[in-house]
């Protein structure tokens with residue numbers, strides 16, 4: 049009986065990891081397996097593949113067919129796999145270092161890409177799978193937003209501009225190698241190989257076209273960071289009027305605000321406070337920074353935390369979503385080329 053219990057204890061974590069929306073589906077001969085992302089596991093599913101699996105997991109480029117005893121429809125996953133995880137077109141090679149769910153509707157994994165022994169830097173890539181409205185997860189992807197974490201010995205490492213340049217150049221080369229379509233390169237610095245957001249002490253974003261680099265101050269939460277954000281000289285009511293009525297001049301940037309917008313962050317904030325529940329809205333914002341966990345900080349027209357959209361990046365944008373307590377769950381986003389999105393009608 050003792051040995052049976054030990055076997056069950058060992059087996060259970062491998063069969064299903066509910067916190068990660070992850071289950072294991074094996075081949076009929078039990079020689080191959082994949083890790084499949086779903087919130088609704090089906091009993092009796094098996095995989096079919098011609099790929100050999102020395103480690104027990106489908107690895108490398110492969111085609112995997114999933115059969116469901118409750119349905120005649122067969123699902124086919126083709127492309128790259130890493131330790132059983134489906135990466136589709138992302139040519140990742142290696143083994144999973146860390147696996148977690150940074151935010152609602154997002155699953156993440158990291159793998160070690162390269163170790164620079166001379167400079168004592170370990171480079172890890174973070175891939176993400178996103179759950180859509182129909183509850184289907186995408187494959188793990190690392191493009192068009194390429195996220196690279198540099199694990200270094202101590203927090204003073206990035207004070208050296210020469211090493212900053214080296215890491216930025218290396219990040220660009222990595223991104224170009226992996227991504228046929230590339231928008232933004234996000235570089236994060238940490239002293240921990242299995243880092244979470246609170247372990248990140250350095251952040252840099254690189255424009256994929258111009259190679260312009262932006263060092264982004266690390267922020268913790270809305271209350272503690274209000275003094276570190278550039279402050280517009282207008283108060284909230286002035287900004288609201290600017291966003292919903294006639295164009296006015298922004299005293300800080302001397303740019304024209306858009307002539308019309310259905311809502312503003314300030315209006316959404318007031319409505320949510322009055323109703324004490326999330327309110328739906330659409331607003332023009334400037335995204336100042338993007339965090340490793342997939343959230344982002346808005347600095348204009350007012351400090352707001354954006355959550356849960358895979359395409360968040362620095363710049364001006366029109367966002368739509370649910371606003372509550374200075375946070376917005378983004379459902380749709382449209383990026384602009386000019387300040388206050390004056391180029392978007």
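In our numbering, the protein residues as written are 49 to 393. For every residue, glycine included, the Cβ atom is placed at its ideal position computed from N, Cα and C. None of these values were measured; they are calculated from a predicted model.
Counting other Cβ atoms within 10 Å of its Cβ, residue 121 stays below 16 and is therefore classed as exposed.
By the CB criterion at 9 Å, residue 170 and residue 160 fall inside the cutoff. At a Cβ-Cβ threshold of 9 Å, residue 361 and residue 338 count as neighbours. Residue 148 and residue 227 have their alpha carbons spaced roughly 23 Å apart.
Within the model, the alpha-carbon separation for residue 88 versus residue 81 is close to 18 Å.
In this structure, the alpha-carbon of residue 259 lies about 43 Å from that of residue 95. If you look at residue 319, you'll find it in the alpha helix (DSSP H) that goes 313-323. Residue environment analysis places residue 315 among the buried positions, since at least 16 neighbouring C-beta atoms fall within 10 angstroms of its C-beta. Per DSSP, residue 240 lies in no alpha helix (DSSP H) and is assigned neither H nor E. Taken atom to atom, the span from the alpha-carbon of residue 136 to that of residue 191 is near 11 Å. Approximately 3 Å separates the beta-carbon atoms of residue 250 and residue 237; this is inside 8 Å, confirming the contact. Taking all protein chains in view, the Cβ of residue 83 is crowded by 16 or more other Cβ atoms within 10 Å, so the residue is classified as buried. Within 10 angstroms of the beta-carbon of residue 70 lie 16 or more other beta-carbons, which makes it buried.
For residue 353, there is no enclosing alpha helix (DSSP H); the enclosing beta strand (DSSP E) covers residues 352-355.
Within the segment 97-164, the runs of beta strand (DSSP E) that reach at least 3 residues and sit entirely inside it are, in chain order, 108-116, 119-130, 133-136, 144-151 and 154-164.
Boundaries of the beta strand (DSSP E) harbouring residue 262: 261-263, taken from the DSSP string. Looking at the backbone, the Cα of residue 211 and that of residue 317 are separated by about 42 Å.
As DSSP reads the structure, residue 337 sits in a beta bridge with 345.
The beta carbon of residue 99 sits closer than 6 Å to the beta carbons of 106 and 110 from its chain, once the five residues preceding and following it are set aside; these are given in chain order.
In this structure residue 261 is not in contact with residue 198, their Cβ atoms being roughly 14 Å apart against a cut-off of 8 Å. In the DSSP annotation of this structure, residue 218 is not part of any beta strand (DSSP E); the continuous alpha helix (DSSP H) holding it starts and ends at 209-226.
DSSP, reduced to helix, strand and coil, places residue 75 within a strand of the structure shown.
For residue 248, no beta strand (DSSP E) segment is defined, and its DSSP state is neither H nor E. Counting only residues of its own chain and dropping the five nearest sequence neighbours on each side, residue 150 has a CB closer than 6 Å to the CB of 156, 341 and 342.
Beyond the five residues adjoining it in sequence on each side, residue 319 comes within less than 6 Å, by CB distance, of 327 in the same chain, given in chain order.
Beta-bridge partners assigned by DSSP to residue 67: none are found. Per DSSP, the continuous beta strand (DSSP E) segment holding residue 377 begins and ends at 375-383. Cβ-Cβ distances below 6 Å link residue 366 to 332, 382 and 389 in the same chain, with the five nearest sequence neighbours on each side left out; the list follows chain order. The criterion of a C-beta distance shorter than 9 Å is not satisfied by residue 242 and residue 174. Within the DSSP bridge table, the entry for residue 364 names 334 as partners.
Counting the other Cβ atoms within 10 Å of the Cβ of residue 244 gives fewer than 16, which makes it exposed. A direct Cα-to-Cα measurement between residue 330 and residue 369 gives close to 7 Å.
With contacts defined as CB atoms closer than 9 Å, residue 266 and residue 235 fail to qualify as a contacting pair. Around the CB of residue 263, fewer than 16 other CB atoms lie within 10 Å, so the residue is classed as exposed.
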